[in-house]
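Residue numbers (our numbering): 4 to 378. Ideal Cβ positions, reconstructed from N, Cα and C, are used throughout, including at glycine. Only a predicted model underlies this, so the values are computations on that prediction, with no experimental measurement involved. Some notes on the structure that comes next.
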(Lines of atoms letter the chains of each structure in order from A; the text may use other names.)
(Lines give C-alpha, C1' and ligand atoms only; values in the text may rest on other atoms or scores of the structure.)
Protein backbone atom coordinates (compact mmCIF):
# COMPACT_ATOMS: atom_id res chain seq x y z
CA UNK A 4 0.00 0.00 0.00
CA UNK A 5 1.29 3.41 -0.95
CA UNK A 6 -0.23 6.83 -1.45
CA UNK A 7 0.70 10.50 -1.59
CA UNK A 8 -1.34 13.26 0.02
CA UNK A 9 -1.11 17.01 0.55
CA UNK A 10 0.14 17.73 4.06
CA UNK A 11 -2.46 20.40 4.87
CA UNK A 12 -5.28 18.08 3.76
CA UNK A 13 -4.02 15.30 6.01
CA UNK A 14 -3.57 17.69 8.94
CA UNK A 15 -7.17 18.88 8.64
CA UNK A 16 -8.49 15.32 8.54
CA UNK A 17 -6.46 14.26 11.58
CA UNK A 18 -7.59 17.32 13.50
CA UNK A 19 -11.23 16.36 12.94
CA UNK A 20 -11.07 12.63 13.70
CA UNK A 21 -8.99 13.20 16.82
CA UNK A 22 -12.13 14.64 18.44
CA UNK A 23 -13.20 11.01 18.96
CA UNK A 24 -9.85 9.39 19.71
CA UNK A 25 -9.49 7.94 23.21
CA UNK A 26 -6.42 9.34 24.99
CA UNK A 27 -6.40 7.17 28.12
CA UNK A 28 -8.16 3.82 27.86
CA UNK A 29 -7.94 0.20 28.90
CA UNK A 30 -8.53 -0.69 25.23
CA UNK A 31 -5.33 0.40 23.41
CA UNK A 32 -6.82 0.04 19.92
CA UNK A 33 -9.06 3.05 20.68
CA UNK A 34 -5.91 5.19 20.79
CA UNK A 35 -5.45 4.50 17.07
CA UNK A 36 -6.88 5.91 13.87
CA UNK A 37 -8.12 3.58 11.15
CA UNK A 38 -6.98 4.51 7.63
CA UNK A 39 -8.93 2.84 4.86
CA UNK A 40 -7.21 3.52 1.53
CA UNK A 41 -9.45 3.07 -1.51
CA UNK A 42 -8.56 3.80 -5.11
CA UNK A 43 -10.63 6.99 -5.16
CA UNK A 44 -10.47 8.18 -1.52
CA UNK A 45 -9.07 7.73 1.97
CA UNK A 46 -11.31 7.37 5.01
CA UNK A 47 -9.92 8.33 8.44
CA UNK A 48 -11.89 6.84 11.34
CA UNK A 49 -11.73 7.27 15.12
CA UNK A 50 -13.92 5.58 17.72
CA UNK A 51 -13.94 5.92 21.52
CA UNK A 52 -17.10 3.77 21.87
CA UNK A 53 -19.12 6.82 22.93
CA UNK A 54 -18.65 8.65 19.66
CA UNK A 55 -17.08 7.85 16.28
CA UNK A 56 -16.01 10.07 13.39
CA UNK A 57 -15.32 9.30 9.74
CA UNK A 58 -13.55 11.85 7.55
CA UNK A 59 -13.35 11.28 3.79
CA UNK A 60 -10.46 12.70 1.73
CA UNK A 61 -11.04 12.47 -2.02
CA UNK A 62 -8.89 15.27 -3.45
CA UNK A 63 -5.14 15.91 -3.84
CA UNK A 64 -4.38 12.16 -3.68
CA UNK A 65 -2.14 9.79 -5.61
CA UNK A 66 -3.11 6.24 -4.61
CA UNK A 67 -1.15 3.26 -5.91
CA UNK A 68 -2.69 0.35 -3.97
CA UNK A 69 -5.59 -0.21 -1.57
CA UNK A 70 -5.32 -1.31 2.04
CA UNK A 71 -6.61 -0.62 5.55
CA UNK A 72 -4.59 -0.34 8.73
CA UNK A 73 -4.49 1.32 12.16
CA UNK A 74 -1.84 3.72 13.36
CA UNK A 75 -1.29 5.35 16.81
CA UNK A 76 -3.17 8.64 16.74
CA UNK A 77 -1.03 10.72 19.10
CA UNK A 78 2.31 9.83 17.52
CA UNK A 79 1.08 10.06 13.94
CA UNK A 80 -0.71 13.38 14.48
CA UNK A 81 2.21 14.90 16.39
CA UNK A 82 4.63 14.03 13.62
CA UNK A 83 2.39 15.28 10.79
CA UNK A 84 1.77 18.54 12.67
CA UNK A 85 5.53 19.23 12.52
CA UNK A 86 5.88 18.49 8.80
CA UNK A 87 6.57 21.61 6.75
CA UNK A 88 6.74 19.94 3.32
CA UNK A 89 3.76 20.27 0.99
CA UNK A 90 3.34 16.53 0.35
CA UNK A 91 3.54 13.33 2.40
CA UNK A 92 4.06 9.80 1.10
CA UNK A 93 2.76 6.93 3.25
CA UNK A 94 3.77 3.35 2.52
CA UNK A 95 3.23 0.01 4.28
CA UNK A 96 6.42 -2.03 4.56
CA UNK A 97 6.93 -5.78 4.97
CA UNK A 98 8.22 -5.38 8.54
CA UNK A 99 4.77 -4.36 9.90
CA UNK A 100 5.67 -0.68 9.84
CA UNK A 101 4.38 2.41 8.05
CA UNK A 102 6.94 4.65 6.39
CA UNK A 103 6.02 8.33 6.37
CA UNK A 104 8.22 10.18 3.90
CA UNK A 105 8.62 13.82 2.94
CA UNK A 106 11.27 15.68 1.00
CA UNK A 107 13.05 16.62 4.24
CA UNK A 108 12.85 13.33 6.17
CA UNK A 109 11.10 10.09 6.97
CA UNK A 110 9.71 8.16 9.93
CA UNK A 111 8.59 4.58 10.57
CA UNK A 112 5.68 3.65 12.87
CA UNK A 113 4.34 0.19 13.69
CA UNK A 114 0.87 -0.42 12.30
CA UNK A 115 -1.99 -2.63 13.59
CA UNK A 116 -4.40 -4.83 11.66
CA UNK A 117 -7.60 -3.02 10.68
CA UNK A 118 -9.65 -5.99 11.85
CA UNK A 119 -8.85 -5.09 15.47
CA UNK A 120 -10.51 -1.67 15.19
CA UNK A 121 -14.11 -1.56 16.55
CA UNK A 122 -16.80 -1.36 13.90
CA UNK A 123 -19.17 1.60 13.90
CA UNK A 124 -22.69 0.27 14.62
CA UNK A 125 -25.08 0.44 11.71
CA UNK A 126 -27.98 2.75 12.56
CA UNK A 127 -31.44 1.43 11.75
CA UNK A 128 -32.94 4.54 10.22
CA UNK A 129 -36.05 5.45 12.19
CA UNK A 130 -35.71 9.20 11.74
CA UNK A 131 -34.03 11.08 8.91
CA UNK A 132 -34.01 14.81 8.18
CA UNK A 133 -31.80 17.51 6.69
CA UNK A 134 -30.83 20.72 8.48
CA UNK A 135 -28.11 23.33 8.07
CA UNK A 136 -24.84 23.18 9.98
CA UNK A 137 -25.39 26.80 10.99
CA UNK A 138 -28.60 26.00 12.85
CA UNK A 139 -27.07 23.01 14.63
CA UNK A 140 -23.96 24.92 15.72
CA UNK A 141 -25.92 27.97 16.85
CA UNK A 142 -28.41 25.85 18.79
CA UNK A 143 -25.64 23.98 20.61
CA UNK A 144 -23.77 27.19 21.41
CA UNK A 145 -26.87 28.70 23.04
CA UNK A 146 -27.62 25.72 25.27
CA UNK A 147 -24.53 23.62 25.96
CA UNK A 148 -23.27 25.80 28.82
CA UNK A 149 -26.27 25.08 31.06
CA UNK A 150 -26.27 21.29 30.76
CA UNK A 151 -25.40 19.26 33.85
CA UNK A 152 -22.34 17.23 34.75
CA UNK A 153 -22.83 13.50 34.24
CA UNK A 154 -22.66 12.63 37.96
CA UNK A 155 -25.55 14.92 38.88
CA UNK A 156 -28.39 13.48 36.79
CA UNK A 157 -27.52 11.45 33.68
CA UNK A 158 -30.56 12.62 31.70
CA UNK A 159 -29.51 16.24 32.22
CA UNK A 160 -25.94 15.64 30.99
CA UNK A 161 -26.96 16.52 27.47
CA UNK A 162 -29.04 18.73 25.23
CA UNK A 163 -32.68 17.95 24.57
CA UNK A 164 -33.36 18.20 20.85
CA UNK A 165 -36.97 18.43 19.65
CA UNK A 166 -37.60 18.90 15.93
CA UNK A 167 -41.25 19.05 14.96
CA UNK A 168 -42.98 20.52 11.93
CA UNK A 169 -41.04 23.74 11.27
CA UNK A 170 -39.59 24.20 14.77
CA UNK A 171 -36.14 23.18 15.99
CA UNK A 172 -35.84 23.41 19.79
CA UNK A 173 -32.66 22.79 21.79
CA UNK A 174 -32.93 22.90 25.60
CA UNK A 175 -30.67 22.12 28.56
CA UNK A 176 -30.76 22.39 32.34
CA UNK A 177 -28.66 21.49 35.37
CA UNK A 178 -31.60 22.13 37.76
CA UNK A 179 -30.24 25.57 38.69
CA UNK A 180 -30.64 27.15 35.27
CA UNK A 181 -32.45 26.39 32.03
CA UNK A 182 -31.83 27.41 28.41
CA UNK A 183 -34.13 27.13 25.42
CA UNK A 184 -33.20 28.09 21.87
CA UNK A 185 -35.83 27.86 19.15
CA UNK A 186 -35.40 28.13 15.39
CA UNK A 187 -38.23 28.49 12.89
CA UNK A 188 -37.55 26.75 9.57
CA UNK A 189 -38.86 27.83 6.17
CA UNK A 190 -40.44 24.42 5.63
CA UNK A 191 -41.77 21.58 7.77
CA UNK A 192 -39.44 18.65 8.38
CA UNK A 193 -40.72 15.29 7.08
CA UNK A 194 -40.05 13.43 10.36
CA UNK A 195 -40.37 14.57 13.95
CA UNK A 196 -37.42 13.99 16.29
CA UNK A 197 -37.07 14.10 20.08
CA UNK A 198 -33.91 12.82 21.82
CA UNK A 199 -31.17 13.80 24.29
CA UNK A 200 -27.75 14.41 22.74
CA UNK A 201 -24.77 13.90 25.12
CA UNK A 202 -23.01 17.14 26.01
CA UNK A 203 -19.58 15.80 25.00
CA UNK A 204 -20.86 14.86 21.55
CA UNK A 205 -22.59 18.22 21.17
CA UNK A 206 -19.37 20.04 22.01
CA UNK A 207 -17.45 18.09 19.35
CA UNK A 208 -20.18 18.63 16.75
CA UNK A 209 -20.01 22.37 17.36
CA UNK A 210 -16.26 22.30 16.69
CA UNK A 211 -16.43 20.13 13.58
CA UNK A 212 -19.43 21.20 11.52
CA UNK A 213 -19.25 24.14 9.12
CA UNK A 214 -22.07 26.71 8.87
CA UNK A 215 -22.46 26.12 5.14
CA UNK A 216 -22.79 22.32 5.52
CA UNK A 217 -26.08 20.67 4.74
CA UNK A 218 -26.31 18.05 7.48
CA UNK A 219 -28.39 14.90 7.40
CA UNK A 220 -29.47 13.66 10.83
CA UNK A 221 -30.18 9.94 11.07
CA UNK A 222 -31.37 8.27 14.27
CA UNK A 223 -32.46 4.85 15.45
CA UNK A 224 -31.73 2.20 18.10
CA UNK A 225 -30.59 4.87 20.57
CA UNK A 226 -27.91 6.03 18.10
CA UNK A 227 -27.58 9.21 16.08
CA UNK A 228 -25.45 10.30 13.14
CA UNK A 229 -24.71 13.74 11.69
CA UNK A 230 -23.69 13.33 8.05
CA UNK A 231 -22.21 16.06 5.86
CA UNK A 232 -20.47 15.74 2.51
CA UNK A 233 -17.15 14.52 3.94
CA UNK A 234 -17.69 14.11 7.70
CA UNK A 235 -19.81 11.54 9.55
CA UNK A 236 -20.26 11.86 13.31
CA UNK A 237 -21.84 8.95 15.17
CA UNK A 238 -22.93 8.95 18.81
CA UNK A 239 -25.07 7.14 21.30
CA UNK A 240 -28.05 8.99 22.74
CA UNK A 241 -28.86 9.38 26.43
CA UNK A 242 -31.52 7.08 27.86
CA UNK A 243 -34.30 8.57 29.91
CA UNK A 244 -36.86 11.34 29.71
CA UNK A 245 -35.97 15.01 29.69
CA UNK A 246 -38.19 17.00 32.09
CA UNK A 247 -41.21 18.80 30.69
CA UNK A 248 -39.56 22.15 31.24
CA UNK A 249 -41.94 24.55 29.49
CA UNK A 250 -43.97 25.13 32.65
CA UNK A 251 -40.81 26.29 34.45
CA UNK A 252 -40.87 29.57 32.56
CA UNK A 253 -43.04 32.05 34.49
CA UNK A 254 -45.80 33.93 32.72
CA UNK A 255 -46.16 36.89 35.09
CA UNK A 256 -43.63 39.38 36.44
CA UNK A 257 -43.66 42.18 38.97
CA UNK A 258 -40.26 43.59 37.95
CA UNK A 259 -38.70 43.93 34.52
CA UNK A 260 -35.46 45.66 33.53
CA UNK A 261 -33.54 46.31 30.35
CA UNK A 262 -29.80 46.94 30.51
CA UNK A 263 -26.82 47.19 28.19
CA UNK A 264 -25.37 43.69 27.91
CA UNK A 265 -21.71 44.70 27.61
CA UNK A 266 -21.91 47.05 30.59
CA UNK A 267 -23.50 44.31 32.67
CA UNK A 268 -20.84 41.78 31.61
CA UNK A 269 -18.02 44.11 32.56
CA UNK A 270 -19.59 44.72 35.96
CA UNK A 271 -20.02 40.97 36.56
CA UNK A 272 -16.40 40.23 35.57
CA UNK A 273 -15.23 42.69 38.19
CA UNK A 274 -17.61 41.54 40.89
CA UNK A 275 -16.60 37.91 40.31
CA UNK A 276 -13.15 38.75 41.66
CA UNK A 277 -14.80 39.25 45.04
CA UNK A 278 -17.93 37.08 44.87
CA UNK A 279 -15.88 33.90 44.40
CA UNK A 280 -15.18 34.11 48.14
CA UNK A 281 -18.94 33.65 48.72
CA UNK A 282 -19.64 31.01 46.03
CA UNK A 283 -20.35 33.79 43.51
CA UNK A 284 -23.47 35.01 45.29
CA UNK A 285 -24.35 38.64 44.60
CA UNK A 286 -27.23 40.93 45.46
CA UNK A 287 -29.05 42.63 42.57
CA UNK A 288 -31.29 45.60 43.40
CA UNK A 289 -33.57 47.07 40.73
CA UNK A 290 -35.17 50.47 41.10
CA UNK A 291 -37.80 52.21 39.02
CA UNK A 292 -35.54 55.26 39.32
CA UNK A 293 -33.69 53.66 36.37
CA UNK A 294 -30.77 52.00 38.12
CA UNK A 295 -29.56 48.47 38.80
CA UNK A 296 -27.13 47.89 41.67
CA UNK A 297 -24.89 44.84 41.99
CA UNK A 298 -23.12 44.21 45.27
CA UNK A 299 -21.38 41.51 47.28
CA UNK A 300 -21.44 40.91 50.97
CA UNK A 301 -18.18 41.61 52.78
CA UNK A 302 -15.48 38.96 52.30
CA UNK A 303 -11.95 38.46 53.59
CA UNK A 304 -10.72 40.28 50.47
CA UNK A 305 -13.12 43.21 50.25
CA UNK A 306 -16.66 44.13 49.31
CA UNK A 307 -17.74 45.62 46.02
CA UNK A 308 -20.75 47.25 44.43
CA UNK A 309 -21.57 49.00 41.17
CA UNK A 310 -24.61 50.83 39.85
CA UNK A 311 -25.69 50.56 36.21
CA UNK A 312 -28.21 52.63 34.30
CA UNK A 313 -31.18 50.51 33.23
CA UNK A 314 -34.83 50.83 32.25
CA UNK A 315 -36.69 49.31 35.22
CA UNK A 316 -40.46 48.88 35.05
CA UNK A 317 -43.14 48.20 37.65
CA UNK A 318 -41.98 47.35 41.19
CA UNK A 319 -38.62 47.91 42.87
CA UNK A 320 -37.15 44.56 43.85
CA UNK A 321 -34.10 42.74 45.22
CA UNK A 322 -32.82 39.29 44.31
CA UNK A 323 -29.70 37.21 45.05
CA UNK A 324 -28.14 35.37 42.12
CA UNK A 325 -25.05 33.38 41.12
CA UNK A 326 -22.86 35.90 39.28
CA UNK A 327 -21.06 33.23 37.20
CA UNK A 328 -24.34 31.78 35.94
CA UNK A 329 -25.42 35.31 35.07
CA UNK A 330 -22.21 36.01 33.17
CA UNK A 331 -22.30 32.73 31.23
CA UNK A 332 -25.72 33.38 29.76
CA UNK A 333 -24.70 36.90 28.70
CA UNK A 334 -21.80 35.37 26.71
CA UNK A 335 -24.22 33.52 24.40
CA UNK A 336 -26.52 36.49 23.82
CA UNK A 337 -25.47 38.74 20.96
CA UNK A 338 -27.90 41.65 21.21
CA UNK A 339 -26.94 45.08 22.58
CA UNK A 340 -29.41 44.93 25.46
CA UNK A 341 -30.89 42.15 27.60
CA UNK A 342 -34.12 41.84 29.52
CA UNK A 343 -34.26 40.70 33.17
CA UNK A 344 -37.66 39.76 34.62
CA UNK A 345 -38.93 38.05 37.78
CA UNK A 346 -41.96 37.96 40.07
CA UNK A 347 -40.35 38.00 43.53
CA UNK A 348 -36.98 37.28 45.21
CA UNK A 349 -37.66 33.52 45.22
CA UNK A 350 -39.06 33.12 41.71
CA UNK A 351 -37.11 32.21 38.55
CA UNK A 352 -35.21 35.04 36.88
CA UNK A 353 -35.85 35.14 33.13
CA UNK A 354 -33.06 36.54 30.97
CA UNK A 355 -33.60 37.07 27.26
CA UNK A 356 -32.16 39.17 24.43
CA UNK A 357 -33.81 42.46 23.59
CA UNK A 358 -34.26 42.73 19.84
CA UNK A 359 -32.08 45.39 18.29
CA UNK A 360 -34.12 47.76 16.08
CA UNK A 361 -31.54 47.60 13.30
CA UNK A 362 -31.71 43.79 13.11
CA UNK A 363 -34.51 41.95 11.33
CA UNK A 364 -33.54 38.41 12.40
CA UNK A 365 -36.75 36.88 13.75
CA UNK A 366 -36.27 33.16 12.97
CA UNK A 367 -34.46 32.62 16.30
CA UNK A 368 -35.67 32.98 19.88
CA UNK A 369 -33.78 32.42 23.13
CA UNK A 370 -34.80 32.46 26.76
CA UNK A 371 -33.00 31.46 29.92
CA UNK A 372 -33.84 30.94 33.58
CA UNK A 373 -31.57 31.31 36.58
CA UNK A 374 -32.94 30.19 39.93
CA UNK A 375 -32.34 32.81 42.66
CA UNK A 376 -30.26 32.12 45.74
CA UNK A 377 -31.96 31.87 49.10
CA UNK A 378 -30.04 34.19 51.45
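- Residues 271 and 373 of the same chain have their beta carbon placed closer than 7 Å to that of residue 329, with the five preceding and five following residues left out of the count.
- The residue among 337, 316 and 343 with its C-alpha nearest the C-alpha of residue 322 is 343.
- For the stretch 311-335, the continuous beta strand (DSSP E) assignments of 3+ residues that do not extend past its boundaries occur at 320-325, in sequence order.
- In the DSSP assignment, residue 87 falls outside any beta strand (DSSP E) and carries neither an H nor an E.
- Of 187, 351, 132 and 119, the smallest CA-CA separation from residue 250 is found for 351.
- 8 Å or more divides the Cβ of residue 176 from the Cβ of residue 200.
- Counting only residues of its own chain and dropping the five nearest sequence neighbours on each side, residue 216 has a CB closer than 6 Å to the CB of 136 and 231.
- DSSP lists 316 and 344 as the beta-bridge partner residues of residue 259.
- In this structure, residue 335 places its C-beta atom within 8 Å of the C-beta atom of residue 145.
- Runs of the alpha helix (DSSP H) lying entirely within the stretch 80-163, each at least 4 residues long, are 136-146 in chain order.
- For residue 49, the enclosing beta strand (DSSP E) begins and ends at 45-50.
- Three or more beta-carbon pairs drawn from the stretch 88-95 and the stretch 103-121 are found closer than 8 Å, and the two stretches are therefore classed as touching.
- Residue state for residue 206 is assigned as helix, using DSSP reduced to three classes.
- The continuous beta strand (DSSP E) containing residue 185 extends over residues 180-187.
- Sorting 171, 8, 150 and 74 by C-alpha distance to the C-alpha of residue 142 places 171 at the top.
- In the three-state DSSP reduction, residue 251 falls in the helix class (H, G or I).
- When C-alpha distances from residue 110 are compared across 129, 86 and 166, the shortest belongs to 86.
- Where residue 275 is concerned, the enclosing alpha helix (DSSP H) starts and stops at 264-278.
- With a threshold of 16 other beta carbon atoms within 10 Å, residue 65 falls short and is exposed.
- Counting only the Cα atoms, residue 298 lies some 16 Å from residue 262.
- A straight-line Cα-Cα distance of about 12 Å links residue 219 and residue 138.
- For residue 16, the enclosing alpha helix (DSSP H) covers residues 10-20.
- Here residue 178 is exposed, its C-beta having fewer than 16 other C-beta atoms within 10 Å.
- According to the DSSP assignment, residue 38 belongs to the beta strand (DSSP E) that extends over 35-40.
- Secondary structure note for residue 55: its beta strand (DSSP E) is the uninterrupted segment 54-60.
- DSSP places residue 32 in the helix class (H, G or I) of the three-state scheme.
- With fewer than 16 other beta carbons inside 10 angstroms of its own, residue 43 counts as exposed.
- Residue range 352-357 is occupied by the beta strand (DSSP E) that includes residue 357.
- Take residue 196, set aside five residues on each side of it, and the residues of its chain with a beta-carbon closer than 6 Å to its own are 130 and 166, in chain order.
- The continuous beta strand (DSSP E) containing residue 199 extends over residues 196-201.
- Residue pairing by DSSP puts residue 298 in a beta bridge opposite 286 and 308.
- Sixteen is the threshold: when 16 or more other Cβ atoms of the shown chains lie within 10 Å of the Cβ of residue 183, as they do, the residue is buried.
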